[in-house]
Every structure is written in C-alpha cells, then in structure tokens.
Amino acid sequence: GVGKTAIVEGLAQRIMENRVPEILGGKRVVTLDLSSMIAGTKYRGEFEDRLTKIIAEIKGAGDIIIFIDELHTIVGAGAAEGAIDAANILKPSLARGEFQCVGATTLDEYRKHIEKDAALERRFQPILVDEPSQEESIEILKGLRDRYEAHHGVKISDEAIEAAVRLSARYISDRF
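Counting in my numbering, the sequence shown runs from 35 upward without gaps.
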C-alpha cells in the first residue's frame with residue numbers, strides 16, 4: 035500500500051510521546067478488527083451484540099480512538115438475513131460524537147462503499163495519502179531495514195533495497 039496504516043501507527047506513537055494537539059492528549063489508538071469479531075458468530079444478532087458491547091466499552095473509557103483498517107468493510111460487515119451491518123451500528127455513536135474513529139481504505143473502495151451512504155460519509159473527513167516516490171520508498175525501507183534484518187536473520191544491502199523499489203515500480207505499479 036501507500037502507508038495509510040503506518041500513518042495511524044505514527045499517530046499512536048506521537049500520542050505516546052505527547053506530541054499531539056491537546057484534544058488528542060492521553061488518547062489510545064485501538065484497532066477494531068471486524069473480521070475477527072465476525073469469526074465464530076453462529077447466530078443472527080451475535081455480531082451486533084459483540085459490536086454493541088465494544089462500542090459501550092469505548093464510550094465508557096472515553097479515551098479511545100478506534101482504528102478500522104479496510105474501513106469499507108463496515109458496510110455489510112456482519113449483515114446476515116435480518117441483521118444490520120457494522121456501519122449502521124456505528125453511525126449513531128459517530129453522529130453524536132461519542133467516540134473518535136479513524137479508517138483506512140483505498141480511494142476506489144471509499145467511493146464504492148462509503149460515499150454511497152451519505153449518513154456514513156458525513157462521519158468521516160477523507161485524507162488522501164499519495165503513494166511515496168521511489169526515493170521516499172527507498173528511505174522508508176532503509177528505515178525499516180534493521181527490523182527486517184533482525185527478524186529474518188539476513189543482511190539487506192542498499193543495492194537490494196533500490197532494486198526492490200525499482201522493480202516494484204516497474205512490475206506491480208497497478209496495485210496502488
């Protein structure tokens with residue numbers, strides 16, 4: 035991707051370091067994994083019950099910013115016959131400002147799912163994240179190199195990073 039999730043991770047880091055506006059001070063960024071919540075539900079209404087309880091806990095805590103990766107999946111998530119989806123469960127609380135929510139999705143998926151629901155679209159302020167240039171990608175990967183080297187027990191040269199970026203731009207340019 036282009037680093038949408040990394041931006042949210044950066045926000046969490048800045049909150050921990052107290053380098054954010056006062057309104058974000060003391061907040062916690064918590065990922066809401068809808069697919070894990072749906073997994074294992076057997077009965078109609080079970081997903082809604084889980085999500086409703088989580089929302090109540092979030093509101094009660096008062097210091098949580100919810101992060102939903104692949105935000106577009108809330109439209110239809112958990113909806114079985116006669117059930118309501120995650121978007122319709124979240125909308126009332128979002129409309130009342132009872133908690134803050136950050137989502138990440140592609141522009142295409144945003145247009146396809148979020149924009150089509152005017153009430154849901156009003157709850158979010160889109161921020162477009164451009165794909166990094168090849169030079170920026172090289173710098174990002176160099177910054178991550180130590181972690182990958184330690185994890186995989188290998189050494190990664192500058193030449194390997196540069197080749198990976200160059201070849202990715204050439205052969206998988208349609209992914210973004």
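All residues carry an ideal CB built from backbone N, CA and C; glycine is no exception.
Given 8 Å, three or more beta-carbon pairs between the region 128-137 and the region 90-109: yes
For threonine 139, which of Gly44, Gly79, Glu104, Arg156 has the nearest alpha-carbon? One-based indexing of the sequence shown puts residue 139 at position 105. Looking at the Cα atoms, Glu104 is the closest of the given residues.
For alanine 153, which of Leu178, Glu173, Ile123, Leu162 has the nearest alpha-carbon? Locating residue 153 in the sequence shown gives position 119, counting from the first residue. That would be Ile123, whose Cα lies nearest to the Cα of alanine 153.
Please give the ranges of any alpha helix (DSSP H) in the region 129-160, keeping only runs that are unbroken, at least 4 residues long and fully inside the region. 152-155
Count the other CB atoms within 10 Å of the CB of phenylalanine 210; is the residue buried (16 or more) or exposed (fewer)? By one-based count along the sequence shown, residue 210 stands at place 176. Confidence at phenylalanine 210 is low in this model, with a pLDDT of 45, below 50, so the placement of that residue should be treated as unreliable; the coordinate-derived value is given next. The residue in question, phenylalanine 210, is exposed, as its Cβ has fewer than 16 Cβ neighbours within 10 Å.
Determine the extent of the beta strand (DSSP E) in which threonine 65 is found, giving its start and end residues. Taking the sequence shown and counting its residues from 1, one reaches residue 65 at position 31. It spans 62-65 - the beta strand (DSSP E) in which threonine 65 sits, taken as one unbroken run.
Please tell me whether lysine 176 and isoleucine 161 are closer than 8 Å, where the distance is taken between their beta carbons. Within the sequence shown, residue 176 is the residue found at index 142, counting from 1. Within the sequence shown, residue 161 is the residue found at index 127, counting from 1. No, they are not a contact pair.
Meets three-Cβ-pair contact criterion under 8 Å: the region 36-47 and the region 66-74: no
Continuous beta strand (DSSP E) stretch holding aspartate 103: start and end: Within the sequence shown, residue 103 is the residue found at index 69, counting from 1. Start and end: 98-103.
For threonine 107, count the other beta carbons within 10 Å of its own beta carbon; 16 or more makes it buried, fewer makes it exposed. Which is it? In the sequence shown, the residue the question calls residue 107 occupies position 73. By the neighbour-count rule (16 or more Cβ atoms within 10 Å), threonine 107 is buried.
Run the proximity test for valine 188: is its beta-carbon closer than 7 Å to any non-hydrogen atom belonging to the ligand GTP? Judged by which ligands are present, the structure shown has none, so any question about the ligand GTP falls away.
Got a sec? Which residues, its chain only, sit under 7 Å from serine 171 by beta carbon, not counting five neighbours each side? Walking along the sequence shown from the start, residue 171 turns up at place 137. Excluding positions up to five away in sequence, the list reads Val199.
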